[in-house]
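What follows is a short report on a single structure.
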Amino acid sequence: MSVDTRPAVDDPVTFGRVARRPRWIAALILALALAAGFAWLGQWQLGRSIASAPSDGPDTERVAPLTSFATTNTSFRDDQLGRLASVDARLVPGDWVLLSDRLNGGTEGWWLVGHAVTSDGADLAVALGWAPTKAAARAAEATATIPTPLVGRYLPTEAPDMPSVEKGVQSASSVAAFINQWQDFSGTVYPGYLVSHAPPSGLDRIDSPKPIPPEALNWLNLFYAIEWAVFAGFAIYLWYRLVKDVVEHENEPEPSDSDQ
Amino acid sequence: MPAGPRPEDIPRIRIVLAIFRVSAIVTGIFLLGLCTMMVLRYGFHVDIEVGGSQGFVALQQPKLIEALNFSTFELITHGWLYVLYLGLDFLLWRMLRFSFGRFLWFALGGIIPFLSFYFEFKIPAYVNARLAEAEARTATRTEVAA
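So the sequence lines, in the order shown, correspond to chains Z and X.
Counting in the numbering used here, the first sequence runs without a single skipped number right up to 262 at its last residue.
Counting in the numbering used here, the second sequence runs without a single skipped number right up to 289 at its last residue.
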């Protein structure tokens, strides 16, 4: 707004002059505070529209007995994915599988996968640990043990990779493939494998991060966020309109002869 | 200080007023539904399910609802009806040129239960009185001019 420098005799009331009155400056501050509040609410709502899609799944980071949520000889359910599990089991000596091309912290290396039999007699594949070379992974076989109870993350079986099997190299952690390699298979098997949190000596712990919950856009919250933005704009507009009303009112002659 | 309606706005004001009355009644009804729903959801932890397995209308835990969650429907619908109500309140304020305080007071109709039912007859009475004043002013002026 330009500063009015005309003499004060019969100067018309301008928008800028009314807006600079303390009362309307206070009103502007109030309107801006309201708009900021609304914008903050919109921001919060926007965050909620992305983050808080209802996740009714179990807490994957709380260790639960494997038998309490996983079942044998059935398919792997979504709500079992990546849960921390504890299980009492013993390793079957000699039933080792080495998997190639396994990344750990971005480095390619080898997994040593053991064949465990749980206390109730079911077979369970256990990814014991990671080593940078095949030789190091193989060397760990001799001393490999698992603690009781064994704690690890329960993950679904991977699809077997045929081409590499033909070349004598195996990279997929496929329970279906393991069953054919184990010398002694009871006929009862868990459809997933456990990534052990306690690697035997000579192996690194396999990096198994917490699963990322599926994100869904909550459209209701998204529309409310837009609504808050509109309200914020409206708070400013209302201030403008009220000042304008005063300007018009003060510039109007006597209301009795206000012919338009 | 309020300037009162402009004569050329009077026909438009009557239309807006008619829509406002309907809006006040409908918003008021949904506000009562909203109160019911809030008490059920936060007091008793149930929502209203329509057309579900428990019967046509049933109270059910929100997580177990598979059919239409009427409580959420009510919540959303009241929100939008109130936006319409505020819009009509805004139009009346602009065209009748009454005070900002009165605009805010009328806006409470969609928030305080039962208030909009009071407004439904009180505001038209107020508006009609202002229109009558404006028409009387115009009539006097025309007589003077004639």
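Don't be surprised by glycine CBs; every beta carbon is placed ideally from N, CA and C.
In the displayed model, Asn-220 (chain Z) falls within coil according to three-state DSSP, outside both helix and strand.
Leaving aside the five residues that flank Asn-75 (chain Z) on each side, the residues in its chain whose CB is nearer than 7 Å to its CB run, in chain order, Thr-190, Val-191. Straight across, the Cα-Cα distance linking Phe-225 (chain Z) with Ile-191 (chain X) is about 23 Å. Where Glu-192 (chain X) is concerned, there is no enclosing alpha helix (DSSP H), although the beta strand (DSSP E) around it starts and stops at 190-195.
Residues of chain Z whose Cβ lies closer than 8 Å to the Cβ of Ile-219 (chain X) are, in chain order, Leu-222.
In this structure the segment 143-163 of chain Z touches the segment 88-107 of chain Z; the number of beta carbon pairs closer than 8 Å is three or more. The beta carbon of Trp-98 (chain Z) is closer than 6 Å to those of Glu-143 in its chain, skipping five residues each way along the sequence. Residue environment for Ala-127 (chain Z): buried (at least 16 other C-beta atoms within 10 angstroms of its C-beta).
Shown here, His-199 (chain Z) sits in coil according to DSSP, grouped into three states, outside any helix or strand. Per DSSP, the unbroken alpha helix (DSSP H) holding Tyr-225 (chain X) starts and ends at 213-239. Contact between the segment 149-166 of chain X and the segment 192-210 of chain X is absent: fewer than 3 CB-CB pairs across the two stretches fall below 8 Å. Trp-230 (chain Z) and Asp-13 (chain Z) have their alpha carbons spaced roughly 40 Å apart. When Z:Lys-136, Z:Tyr-195, Z:Lys-169 are compared, the shortest CA-CA separation from Glu-160 (chain Z) is found for Z:Tyr-195. A straight-line Cα-Cα distance of about 15 Å links Phe-163 (chain X) and His-221 (chain X). For Pro-67 (chain Z), the secondary structure class from DSSP, reduced to helix, strand or coil, is strand. One thing to note: Ala-227 (chain Z) has its Cβ no nearer than 8 Å to the Cβ of Ser-88 (chain Z).
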